[in-house]
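In my numbering, the protein residues as written are 4 to 301. Every residue, glycine too, gets a C-beta built ideally from N, C-alpha and C. For reference, the structure discussed in these notes is given below.
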């Protein structure tokens with residue numbers, strides 16, 4: 004898909020890979036790279052292509068490994084015009100460069116798809132446990148999330164201007180996958196994404212028999228969550244692994260000065276699962292360092 008040119012006259016050209024079976028069936032989109040620095044999502048979609056998982060038994064599979072190709076080249080979150088592409092949907096034919104691209108995605112791709120998985124990663128040195136995000140009170144998405152089988156599923160409302168919001172308004176059933184961190188590839192996260200996608204396709208009767216399926220996690224549903232913020236500035240020493248369950252008062256990290264004089268303890272304010280961990284070596288007071296569940300689905 005070619006939308007326009009940059010100021011250097013370089014084409015804004017986004018590769019789209021389409022595989023169609025001779026047998027009719029659903030149309031599924033696997034997309035990544037809305038944020039150009041979230042490379043782990045791109046790796047998941049790449050693996051789906053390399054392993055030929057994107058060749059369906061029936062129906063059609065569309066893969067867009069990198070939507071924001073120039074952000075990917077520069078390893079930046081934003082589109083070339085400085086905007087967050089995932090905040091300008093449904094876009095405008097005469098708007099900013101990002102807005103024009105969002106417009107063409109909405110007009111030329113979304114109307115053709117029935118289901119989608121959009122792959123993302125954490126930003127700002129924060130590592131997300133592999134997780135699916137869905138809107139509350141959508142029974143079909145709940146079933147698809149169970150089928151995908153990520154370690155965690157978070158209920159979260161659609162954000163205005165997001166790709167997910169536009170898909171929802173156009174009756175596309177979309178799972179948003181989060182896993183890993185920006186400018187990084189994590190093999191475990193990649194495997195979770197690929198295996199979940201295979202189970203997703205198997206559920207839709209689109210996966211060819213040659214592809215083996217691993218057992219799904221019994222996903223933990225999280226209704227609400229909070230950020231734990233650094234209580235001091237300094238060198239950050241995280242002590243807990245991503246995805247673990249902690250109890251109130253448990254030591255999560257220490258924050259020290261670089262001169263060996265002071266060390267501050269950071270403890271869990273309540274019990275919950277750690278679904279995001281900051282791995283930055285230096286933090287400032289108030290920085291988000293852990294994302295912890297506060298309410299699990301009964």
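For residue j and residue i, the rounded distance between their alpha carbons
{"i": "residue 240", "j": "residue 175", "result": "42 Å"}
{"i": "residue 300", "j": "residue 290", "result": "28 Å"}
{"i": "residue 249", "j": "residue 260", "result": "26 Å"}
{"i": "residue 117", "j": "residue 231", "result": "37 Å"}
{"i": "residue 293", "j": "residue 82", "result": "28 Å"}
{"i": "residue 277", "j": "residue 235", "result": "20 Å"}
{"i": "residue 72", "j": "residue 288", "result": "35 Å"}
{"i": "residue 187", "j": "residue 97", "result": "34 Å"}
{"i": "residue 124", "j": "residue 185", "result": "6 Å"}
{"i": "residue 16", "j": "residue 80", "result": "18 Å"}
{"i": "residue 150", "j": "residue 262", "result": "50 Å"}
Neighbour-count burial assignment, residue i, 16 or more Cβ in a 10 Å radius
{"i": "residue 85", "result": "exposed"}
{"i": "residue 55", "result": "exposed"}
{"i": "residue 12", "result": "exposed"}
{"i": "residue 204", "result": "buried"}
{"i": "residue 40", "result": "buried"}
{"i": "residue 170", "result": "buried"}
{"i": "residue 298", "result": "exposed"}
{"i": "residue 95", "result": "exposed"}
{"i": "residue 77", "result": "exposed"}
{"i": "residue 66", "result": "buried"}
{"i": "residue 134", "result": "buried"}
{"i": "residue 104", "result": "buried"}
{"i": "residue 172", "result": "exposed"}
Enclosing beta strand (DSSP E) for residue i [first to last residue]
{"i": "residue 15", "result": "14-16"}
{"i": "residue 121", "result": "118-125"}
{"i": "residue 9", "result": "Where residue 9 is concerned, there is no enclosing beta strand (DSSP E), given that its DSSP letter is neither H nor E."}
{"i": "residue 150", "result": "Where residue 150 is concerned, there is no enclosing beta strand (DSSP E), although the alpha helix (DSSP H) it sits in stretches over 142-151."}
{"i": "residue 35", "result": "30-35"}
Assumed close pair residue i, residue j - CB separation to whole angstroms, cut-off 8 Å
{"i": "residue 279", "j": "residue 130", "result": "7 Å"}
{"i": "residue 182", "j": "residue 192", "result": "4 Å"}
{"i": "residue 122", "j": "residue 48", "result": "6 Å"}
{"i": "residue 268", "j": "residue 254", "result": "6 Å"}
{"i": "residue 251", "j": "residue 271", "result": "6 Å"}
{"i": "residue 34", "j": "residue 70", "result": "6 Å"}
Residue closest to residue i, alpha-carbon to alpha-carbon, out of the options
{"i": "residue 210", "options": "61, 118, 14, 264", "result": "61"}
{"i": "residue 5", "options": "100, 80, 34", "result": "100"}
{"i": "residue 30", "options": "58, 48, 37", "result": "58"}
{"i": "residue 37", "options": "91, 295, 154", "result": "91"}
{"i": "residue 157", "options": "149, 144, 136, 148", "result": "136"}
{"i": "residue 163", "options": "214, 53, 88", "result": "88"}
{"i": "residue 144", "options": "133, 132, 159", "result": "159"}
{"i": "residue 27", "options": "215, 207, 223", "result": "207"}
Residue i: first and last residue of the uninterrupted alpha helix (DSSP H) it sits in
{"i": "residue 170", "result": "166-172"}
{"i": "residue 106", "result": "100-111"}
{"i": "residue 45", "result": "42-53"}
{"i": "residue 199", "result": "190-206"}
{"i": "residue 77", "result": "72-77"}
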